[in-house]
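> Questions regarding the structure given below will be posed in turn.
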Amino acid sequence: MRIDVTDLKKSPGESIQVELSSPLPELEFYGERLSFEGPARASLEISNTGKALLVEGKVKGTLGVRCARCLEPFRWPVEATLSEVYYPADSEELVVVEPTQGEYQEWIPFSGDVLDITPEVLKSILLVLPMRFLCKEGCRGLCPRCGQNLNMAPCACPGEDVDPRLMILKDMFKDSNR
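Structure follows, in structure tokens:
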């Protein structure tokens with residue numbers, strides 16, 4: 113996602129509203145490659161503070177993911193907040209800008225008349241992703257014996273399978289229920 117800031121750089125104190133729609137590269141998330149389905153959309157406000165460019169707004173997109181329990185593919189809508197400070201790379205002055213939406217953790221140098229916000233957009237999206245993707249809250253997953261997707265149909269595996277080392281406990285509980 114690239115933004116032309118030629119005019120804004122010449123106008124301290126000014127802001128512009130930007131709507132972007134752009135494809136994003138794949139993300140690597142816990143060893144899995146996640147692809148965006150369609151372009152990501154960004155609604156941003158870019159402000160020239162006089163010493164830096166403040167970029168704030170929201171980014172929305174849809175990821176193609178697999179359920180952690182049943183392994184079925186599904187779409188995961190994602191929305192992230194972006195709040196970054198870009199300062200001219202040739203500036204020797206420390207840039208201090210008060211955030212309006214959140215805390216800044218780093219200041220990003222830029223040069224030229226185009227801001228490439230793609231790396232920061234991807235970082236913001238990674239921060240809002242859950243540890244595991246579930247197709248639905250009550251996903252029953254796969255049968256550990258036969259691999260049948262239990263959301264689609266019950267499996268034909270025999271009832272209980274008790275670890276032979278724990279069989280004595282099963283018998284002990286039968287006796288205590290009498």
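Numbered as in my numbering, the sequence shown ends at 290 without a single skipped number.
Glycine included, C-beta positions come from ideal geometry on N, C-alpha and C.
For the beta strand (DSSP E) containing K172, name the first residue and the last one.
Along the sequence shown, read from residue 1 onward, the residue named residue 172 stands at position 60. It spans L165 to R178 - the beta strand (DSSP E) in which K172 sits, taken as one unbroken run.
> Would you kindly report the start and end of the unbroken alpha helix (DSSP H) that includes S236?
Counting from 1 along the sequence shown, the entry for residue 236 is found at position 124. Counting along the chain, the alpha helix (DSSP H) containing S236 begins and ends at T230 to V240.
> Reducing DSSP to helix, strand and coil, say where L183 ends up.
The residue you call residue 183 lines up with position 71 of the sequence shown. Note: L183 maps to coil in three-state DSSP.
> Exposed or buried, what is S147 when buried is set at 16 or more other beta-carbons lying within 10 Å of its beta-carbon?
By 1-based counting over the sequence shown, the position of residue 147 is 35. S147 is exposed by the Cβ-count criterion.
> For K163, which option in P221, M279, G173 and G271 has the closest C-alpha, if you only look at C-alpha atoms?
As a working note, residue 163 is residue 51 in the sequence shown. Nearest C-alpha to K163: P221.
> If you count every other CB in all the chains shown that lies within 10 Å of the CB of G169, and 16 or more means buried, which is it?
One-based indexing of the sequence shown puts residue 169 at position 57. With 16 or more other Cβ atoms within 10 Å, it is buried.
> Secondary structure at D119, three-state DSSP: helix, strand or coil?
As a position in the sequence shown, residue 119 is number 7, starting the count at 1. It is helical.
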